[in-house]
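Residue numbers (UniProt numbering), protein chains in the order written: chain A, 1 to 358; chain B, 1 to 258.
Beta carbons are placed, not taken as given, at the ideal position from N, Cα and C, and that holds for glycine.
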């Protein structure tokens with residue numbers, strides 16, 4: 001088979017990780033979870049930096065771990081992109097990118113040609129002769145992406161690749177990864193604590209908590225309709241699919257939702273409008289007229305959620321205080337108006353459609 | 001910074017500078033060229049520079065791998081080894097020399113084997129000088145390299161391995177280049193320590209002119225016969241030390257800039 005198949009168990013003192021998943025060739029899996037949930041351990045096992053106590057890792061038909069086998073990192077064809085670009089400070093940008101081809105035995109000149117090609121692929125051709133110390137955070141991360149890809153890995157691991165970037169640089173790198181991750185037969189595992197990263201880059205999501213997989217499935221389903229309270233807490237977002245338009249998003253039913261376009265969103269392309277449940281205001285009764293971003297829906301459920309009550313109505317969720325629930329006389333079956341301010345709605349490019357898993 | 005610190009700091013500086021100044025006032029500069037260029041002085045200077053250079057090479061060839069092993073190995077007992085490596089730093093050099101003598105001397109365990117099998121006798125030869133200097137100087141190099149390695153962590157090495165580089169390539173293309181600044185200062189420190197070596201050398205290698213009598217030993221030798229000559233040679237040692245630090249130090253800091 002192509003792609004990645006993983007089933008591993010790791011024990012470290014009190015902590016136990018037990019995770020199994022598959023990523024098809026060309027697919028992107030996001031592993032979501034808070035700190036200490038086992039995300040980094042999963043990555044270390046895939047990269048070969050940590051040997052799991054039990055289990056197996058099979059990549060593109062090659063057994064990397066399991067049955068007494070433990071292929072060392074340099075023979076795995078597994079690339080790693082961490083938060084910190086970690087460019088080798090003593091090598092120029094082009095030699096950083098040429099590192100992987102050279103390690104494979106490609107002569108320096110050809111390795112530099114390969115490197116130049118990858119640098120232009122990530123729009124960093126002009127940086128070739130600089131030293132890493134002369135790059136901005138975003139530039140360095142671009143070069144680090146080129147360097148990881150120049151090794152032509154069968155599996156690319158992304159470890160919170162935007163966490164160390166400033167707010168201005170992150171969208172451009174996210175857009176770059178969106179473009180590049182879909183090329184070829186490479187499988188990608190993205191580790192993040194930010195559901196937005198998963199939303200914009202991954203087709204499937206796996207949620208880890210305390211070393212266990214608590215939820216998995218297609219990104220939009222998991223993020224918009226979390227089945228566990230845990231996932232709801234870290235990823236319970238309102239999502240509306242449609243097409244990006246300059247003022248926001250045109251939903252599939254034709255309604256236009258006013259919102260802020262994220263930097264990498266292009267009008268006319270498939271997109272998702274995202275807003276948090278605590279950005280939704282709830283009013284009793286039917287609407288008079290139709291103000292912007294107001295939706296009528298019937299309350300389907302009310303769930304206590306820590307200090308707030310999460311209301312489900314139609315496809316949406318809203319967080320309310322228990323007092324508000326009582327004041328508005330909310331209960332399942334009641335019709336309410338949900339309103340959301342345009343400035344709290346972010347319109348992101350939708351994850352590209354994935355080829356069907358083999 | 002509290003200004004009170006200036007007081008002990010000034011005392012410390014005086015402790016370093018005043019003895020050297022005292023030496024300068026004591027020396028008869030008019031006879032300096034003549035004293036320093038005497039054949040025994042020149043031979044001692046040359047022997048010192050040669051043996052110190054050889055010891056420094058030995059320190060690098062053996063000390064770099066040792067530092068990497070100490071910093072990166074996860075084998076149990078590495079902590080104990082780390083302490084053992086520091087032994088020559090805390091041991092009086094004379095004791096080190098005696099220890100070497102009882103290892104490599106004719107009655108020593110290894111010395112007996114060398115003598116019986118290959119007919120080689122190490123003590124009281126130039127080779128013994130190099131061994132004694134390497135013994136006392138190596139910890140300086142290992143300690144500065146190991147500190148740098150542990151401080152930097154192995155993040156770059158891990159990235160290099162995920163880029164397909166086998167361990168030897170990682171060592172050659174990542175570990176060593178990143179180590180260059182620390183290696184530079186380690187080399188300067190161990191060369192200076194080798195150059196000034198006295199106790200272990202005189203115990204293990206003796207004081208044979210032209211063969212084992214390095215500059216510090218010549219200073220000691222002359223101090224009994226001709227104190228002016230000893231002072232002149234002492235000044236020469238100071239000059240050499242200052243030159244080493246002035247020439248090598250800035251270069252060692254240039255190696256890699258993050």
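| Item | Value |
| --- | --- |
| Inside the region 14-66 of chain A only - alpha helix (DSSP H) runs reaching at least 4 residues | 39-47 |
| C-beta neighbour in chain A for residue 61 of chain B, strict 9 Å | no |
| Residue 263 of chain A versus residue 334 of chain A - alpha carbon distance | 38 Å |
| Contact residues within the region 168-187 of chain B, judged by C-beta distance below 7 Å to chain A | 169, 174, 177, 178 |
| Buried or exposed by the 16-neighbour rule on C-beta atoms within 10 Å, applied to residue 118 of chain B | exposed |
| Cut-off 8 Å between Cβ atoms - residues of its own chain near residue 230 of chain A, not counting five sequence neighbours on either side | 207, 209, 214, 215 |
| Contact list for residue 73 of chain A against chain B, beta-carbon separation under 8 Å | 158, 161, 162 |
| Burial state of residue 134 of chain A (16 or more Cβ within 10 Å) | exposed |
| 7 Å Cβ cut-off: residues of chain B touching residue 151 of chain A | 163, 164 |
| Counted within 10 angstroms of its Cβ, other Cβ atoms place residue 232 of chain B as buried (16 or more) or exposed | buried |
| Helix, strand or coil at residue 12 of chain B according to DSSP, with G and I counted as helix | helix |
| Interface flag, residue 103 of chain A vs chain B, CB-CB below 9 Å | yes |
| Closest by C-alpha distance to residue 77 of chain A, when choosing among B/217, B/163, B/234, B/21 | B/163 |
| Check whether residue 259 of chain A and residue 125 of chain A have beta carbons under 9 Å apart | no |
| Burial state of residue 138 of chain B (16 or more Cβ within 10 Å) | buried |
| Residue environment, residue 34 of chain B, which counts as buried when at least 16 other CB atoms sit within 10 Å | exposed |
| DSSP three-state assignment for residue 251 of chain A, whether helix, strand or coil | strand |
| Chain A contact for residue 46 of chain B (CB, 9 Å cutoff) | no |
| Interface residues of chain A facing residue 155 of chain B [CB-CB closer than 7 Å] | 86 |
| Cutoff 9 Å: residue 137 of chain A Cβ touching any chain B Cβ | no |
| Cβ neighbour criterion (16 or more within 10 Å) applied to residue 118 of chain A | buried |
| Any non-hydrogen atom of the ligand ZN closer than 8 Å to residue 232 of chain B Cβ | For the structure depicted, the ligand ZN is absent and the ligand set is empty, with no information on it obtainable. |
| Cβ shell of residue 234 of chain B (< 7 Å), same chain only, five flanking positions each side left out | 23, 219 |
| For residue 157 of chain B, the first and last residue of its enclosing alpha helix (DSSP H) | 155-162 |
| Within chain B, the residues that residue 174 of chain A reaches when beta carbons sit closer than 7 Å | Chain B residues near residue 174 of chain A: none, gap ~21 Å exceeds 7 Å. |
| Short CB-CB distance (under 9 Å) between residue 91 of chain A and chain B | yes |
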